[in-house]
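In the working numbering, the protein residues as written are 1093 to 1355.
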C-alpha cells in the first residue's frame, strides 16, 4: 500500500527534492541514492511537475554533490563528530556518510511525521521535530565534541532575522561548530522560479550576496570559504567547467557557505 502524502508550502518541497535525487540515481547516475529510490517507490504522489522541472533537478543534484564532498571531507578530518542536519526533509545523506558518532535530522513536526513513517530512525541517527528557530540545541546530548551543522534548502524561504535566530541557537549551545549553509543570490530570489516548487506555494524570500556578507550578520561566526553550486553542475554538465570560471555565473548561482563559530 503506497503512502498518500498531503503537504503544502515549504514542507512539500521535500517531496520534489527526494524525487530529483531518486530520478538521478536511477537514470544518469551523477549521484547514487538508493534510499531516495526506495522512498519514491512508497509514495502515492503526483511527481509530474517535478519530472519536468529541469532547473530544480539540476540545482538539487548539484548541491547534493557539493555538500556530499564537503561533508565527507569534514567527517574524514573529525572522526566521531556529531552532525545536525537542519530542515532535513527526506534527505538521506546520513546513509551515504560514515565516521560520525551521532547524526541528528531536524525539521518541523509535520515534516518529521512524514519522515518517521518513511524513514524510521534510531541508534546513531536521531530525529528532532522542531523549528530550526527553537531551542533544539537542548536535544543534543553530546558535549565538547566537534559539531557539523548542515543547513540546506532553507534560508531562501526565511528572512535575515530568522537566519540570525538559527545561528543564535547554534551559538548558545556549541563551543565549536562548523556550519555548511546554502544561500541564494538576492537577484535570483527576485527573478527565479522553479515550477514544481512554485506549485507547492513555497516562495523564495531571502538571499545574500556572499559568505562575507553573511558573516557580517552573524556575530561570533567566521567566514571560512564558499562553494558555488556550479562546482556540482560541472560533474554532469561539462560546460559548467568553463562557466564556473566566470565570476558572474559563480555569483548568481546558489552557494554553500562554510562558517565556523569563533572560540
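Just so you know, even glycine gets a beta-carbon here, dropped at the ideal spot from N, CA and C.
| Query | Result |
| --- | --- |
| Exposure label - residue 1399; buried when at least 16 CB within 10 Å | This structure gives no information on residue 1399, because the portion of the chain shown stretches from 1093 to 1355. |
| Rounded straight-line distance, which links the Cα of residue 1202 to that of residue 1149 | 24 Å |
| Contact check, residue 1360 vs residue 1268, beta carbons under 7 Å | A query on residue 1360 cannot be resolved here, the shown segment of the chain reaching from 1093 to 1355 and no further. |
| Closer than 7 Å to chain C by CB, residue 1283 | The structure shown has no chain C; it contains just one protein chain. |
| Close-in-space but distant-in-sequence residues of the same chain around residue 1130 (CB under 6 Å, 5 per side omitted) | none |
| Which listed residue (1105, 1118, 1326 and 1306) has its alpha carbon closest to that of residue 1145 | 1105 |
| Which residues DSSP lists as bridging residue 1199, in chain order | 1221 |
| Nearest-angstrom Cα separation, counted from residue 1241 out to residue 1097 | 28 Å |
| Boundaries (first-last residue) of the alpha helix (DSSP H) holding residue 1250 | That residue, residue 1250, is in no alpha helix (DSSP H); it is neither H nor E in DSSP. |
| Cβ-Cβ distance between residue 1192 and residue 1176 below 7 Å | no |
| Beta-bridge partners of residue 1136, as assigned by DSSP | 1096 |
| Closest residue to residue 1315 among 1304, 1355, 1283 and 1138 (Cα-Cα distance) | 1304 |
| Nearest residue (CA-CA) to residue 1341, options 1323, 1256, 1258 and 1116 | 1323 |
| Secondary structure of residue 1156, DSSP reduced to three states | helix |
| Assigned exposure category for residue 1236 - 16 Cβ within 10 Å defines buried | exposed |
| Contacting residues, own chain, Cβ-Cβ under 8 Å from residue 1309 (five flanking each side not counted) | 1252, 1255, 1256 and 1300 |
| Cα-Cα separation, residue 1297 to residue 1245 | 12 Å |
| 8 Å contact criterion, which residue 1194 and residue 1234 should meet: CB distance rounded | 6 Å |
| Exposure of residue 1216, with buried meaning 16 or more beta-carbon neighbours within 10 Å | exposed |
| Residue nearest to residue 1247 in terms of C-alpha spacing, selected from 1229, 1184, 1224 and 1230 | 1224 |
| Boundaries (first-last residue) of the beta strand (DSSP E) holding residue 1313 | 1313 to 1320 |
| Reduced DSSP category for residue 1124 - H, G, I as helix; E, B as strand; rest coil | coil |
| For residue 1232, the three-state DSSP class (helix, strand or coil) | coil |
| Length of the line joining the Cα atoms of residue 1249 and residue 1274 | 11 Å |
| Cα-Cα separation between residue 1261 and residue 1221, rounded to whole angstroms | 15 Å |
| Residue environment, residue 1095, which counts as buried when at least 16 other CB atoms sit within 10 Å | exposed |
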